[in-house]
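For the sequence shown, my numbering gives the first residue as 49, with consecutive numbering after it.
In what follows, a single structure is set out as structure tokens and then discussed.
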Amino acid sequence: MATPSFKLLCLENPLLDIQGQGDQAMLEQYGLKLNDTLLAEPHQMGLYEDLINNRNAKLIPGGAAQNTARGAQYMLPPDSVWYIGCVGDDEYASILRQKCKEQGLHVEYLVDPKIPTGKCGVIITDHHRTMCTHLAAANEYKLSHLQSPEIWAKVEATTTAFYVGGYHLTVCPPAALALGKHAAETNKIYMLSLSAGFIPQFFKDPLAEVVPYCDYIFGNENEAKTWAETAGHKDISIPEAAKLMVEQPKVNTKRPRVVIITQGTEPTIVAIKEEGKDAEIKEFPVAAIEASLINDTNGAGDAFAGGFAAGIVEGDSLEVAIKKGHWLARLGLQELGPSYPYPKQTY
Ligand code: 26A
Numbered sequence: 049m050a051t052p053s054f055k056l057l058c059l060e061n062p063l064l065d066i067q068g069q070g071d072q073a074m075l076e077q078y079g080l081k082l083n084d085t086l087l088a089e090p091h092q093m094g095l096y097e098d099l100i101n102n103r104n105a106k107l108i109p110g111g112a113a114q115n116t117a118r119g120a121q122y123m124l125p126p127d128s129v130w131y132i133g134c135v136g137d138d139e140y141a142s143i144l145r146q147k148c149k150e151q152g153l154h155v156e157y158l159v160d161p162k163i164p165t166g167k168c169g170v171i172i173t174d175h176h177r178t179m180c181t182h183l184a185a186a187n188e189y190k191l192s193h194l195q196s197p198e199i200w201a202k203v204e205a206t207t208t209a210f211y212v213g214g215y216h217l218t219v220c221p222p223a224a225l226a227l228g229k230h231a232a233e234t235n236k237i238y239m240l241s242l243s244a245g246f247i248p249q250f251f252k253d254p255l256a257e258v259v260p261y262c263d264y265i266f267g268n269e270n271e272a273k274t275w276a277e278t279a280g281h282k283d284i285s286i287p288e289a290a291k292l293m294v295e296q297p298k299v300n301t302k303r304p305r306v307v308i309i310t311q312g313t314e315p316t317i318v319a320i321k322e323e324g325k326d327a328e329i330k331e332f333p334v335a336a337i338e339a340s341l342i343n344d345t346n347g348a349g350d351a352f353a354g355g356f357a358a359g360i361v362e363g364d365s366l367e368v369a370i371k372k373g374h375w376l377a378r379l380g381l382q383e384l385g386p387s388y389p390y391p392k393q394t395y
């Protein structure tokens, strides 16, 4: 048997997705904007039961970085990826554990028995998905869990790359920072996703604190634009936004910074900046999938990051890592929710 080697650690919010078909009336009823992602407010709490009782909703493992972790593990040898976050002690946590186990993702959840596991209501309308998240236990993640001897020993001993979901900046920025500092001190790889427009918009300060530790920053066109706006640059192009982001100060100057902006079927924009050199912008076309093959778009960006991270952990070139990201996103788009096909396909 191969020696376990948990090279990639992902941190964020373990959520169960409650995903069903909705319509405009449902979005309006709960005060949701098409394609938005937000944290649920009290008047939106009925959404989950409504989805289950009236919309034939499916329960699917979610949580953006957990999707990325499952995706990276999908492409890597057994025992390559592990994941941390906080869950409750309930049926939803059991479903998450079971599904992650089936897919070979090792989880080390902090358990808060007083609070239910977090959930994300996903309303599908055509090829759009609108998400309303009740973080619940996921909001209780603590730095002390990351720094507990068993967890930190594994961080130090086996992990060579970290992927933090930007959504975690609403929960426990000190944990994201602790991993960033460790990565910079030991010249390990640190990756961050911007996750959603509301992260740069409303969590600007924790984001600004963690960006200097990032070797790779992922986002989509909307997140890149929102980030640029928060930096005082309105109406700039995606390559310009990527360039601005890649030029932010960086702690570990031994590794270049790479900013990767996906834009659905439009080319992926990549900005690269090595210490002492000018930023470089590259474009990578996407082999667009036929619309009729798309099941739903929930998790496509997470899948891209998973494929990309798998490539980076294996030491692939940027070009190959991006191809792996596009490949995995393509597979994910054909599944229900943020899922990958079984039996496994090989890259
Ligand atoms: C803090 N918030 C809002 C969230 C999320 C989230 N994952 C972590 N934190 N809101 C939605 N998601 C997840 O995003 C995936 C699609 O990219 C959903 O669970 C869904 O699986």
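All C-beta atoms, glycine included, are put in the ideal place defined by N, C-alpha and C.
Being a predicted model, the structure only gives us computed values, none of them experimental.
Near the ligand 26A: residue 102 beta-carbon under 7 Å from a heavy atom: Result no, Cβ not under 7 Å from the ligand 26A.
Residues that residue 178 bridges to, as DSSP identifies them: 171
C-beta contact flag for residue 180 and residue 67 at 8 Å: no
The alpha helix (DSSP H) enclosing residue 393, as first and last residue numbers: From DSSP, residue 393 is part of no alpha helix (DSSP H); its letter is neither H nor E.
Integer-rounded CB distance, given that residue 261 should sit under 8 Å from residue 232: Right, their Cβ atoms sit about 5 Å apart.
Inter-stretch contact at 8 Å, needing at least 3 Cβ pairs: the stretch 61 to 80 / the stretch 155 to 175: Segments in contact, yes.
Collapsed DSSP secondary structure at residue 320 in the structure displayed: strand
Proximity to residue 203 [Cα-Cα], best of 391, 380, 53 and 359: If we check each option's Cα against that of residue 203, 53 comes out closest.
C-beta contact flag for residue 384 and residue 108 at 8 Å: Yes.
Unbroken alpha helix (DSSP H) run spanning residue 96, endpoints: 95 to 102
Cβ contact (3+ pairs, closer than 8 Å) linking the stretch 205 to 221 and the stretch 362 to 379: no
Collapsed DSSP secondary structure at residue 70 in the structure displayed: Residue 70 sits in coil when the DSSP states are folded into three classes, being neither helix nor strand.
Beta-carbon proximity check, residue 235 vs residue 187, cutoff 8 Å: no
C-beta contact flag for residue 148 and residue 103 at 8 Å: no
Every unbroken beta strand (DSSP E) inside the stretch 245 to 300 [3 residues or more]: Along the stretch 245 to 300, the beta strand (DSSP E) occurs as fully enclosed runs of 3 or more residues at 264 to 268, listed in sequence order.
Own chain partners of residue 239 with C-beta closer than 8 Å, once the 5 adjacent residues on each side are dropped: 209, 210, 211, 212, 262, 263, 264, 265, 266, 353, 357 and 360
Which of helix, strand or coil DSSP assigns to residue 305: strand
Residue 132: first and last residue of the uninterrupted alpha helix (DSSP H) it sits in: Segment 129 to 135 is the beta strand (DSSP E) holding residue 132; no alpha helix (DSSP H) there.
Identified DSSP bridge partners for residue 165: In the DSSP output, where bridge partners are listed per residue, residue 165 has none listed.
DSSP-derived helix/strand/coil call for residue 312: coil
Sequence-distant residues of its chain with Cβ nearer than 8 Å to residue 49 (five each side left out): Residue confidence for residue 49 is low, a pLDDT of 46 falling below 50, so the modelled location carries little weight; the figure read from the coordinates is stated next. Correct list: empty, nothing qualifies.
Straight-line Cα distance separating residue 111 from residue 65: 8 Å
Selection from 347, 388 and 392 that minimises the alpha carbon distance to residue 83: 347
Which of helix, strand or coil DSSP assigns to residue 229: helix
Residue 304 beta carbon less than 8 Å from that of residue 320: yes
CA-to-CA distance, residue 128 to residue 152, given in whole angstroms: Going by C-alpha positions, residue 152 is about 9 Å away from residue 128.
Backbone CA spacing between residue 311 and residue 225 [nearest angstrom]: 28 Å
Assumed close pair residue 167, residue 63 - CB separation to whole angstroms, cut-off 8 Å: 6 Å
Status (buried if at least 16 other CB within 10 Å, exposed otherwise) for residue 114: buried
Chain-order list of residues whose beta-carbon lies under 6 Å from that of residue 193 (same chain, five-residue window excluded): 158, listed in sequence order.
Status (buried if at least 16 other CB within 10 Å, exposed otherwise) for residue 336: exposed
Sequence-distant residues of its chain with Cβ nearer than 7 Å to residue 390 (five each side left out): none
Rounded C-alpha distance that separates residue 229 from residue 259: 11 Å
Secondary structure of residue 241, DSSP reduced to three states: strand
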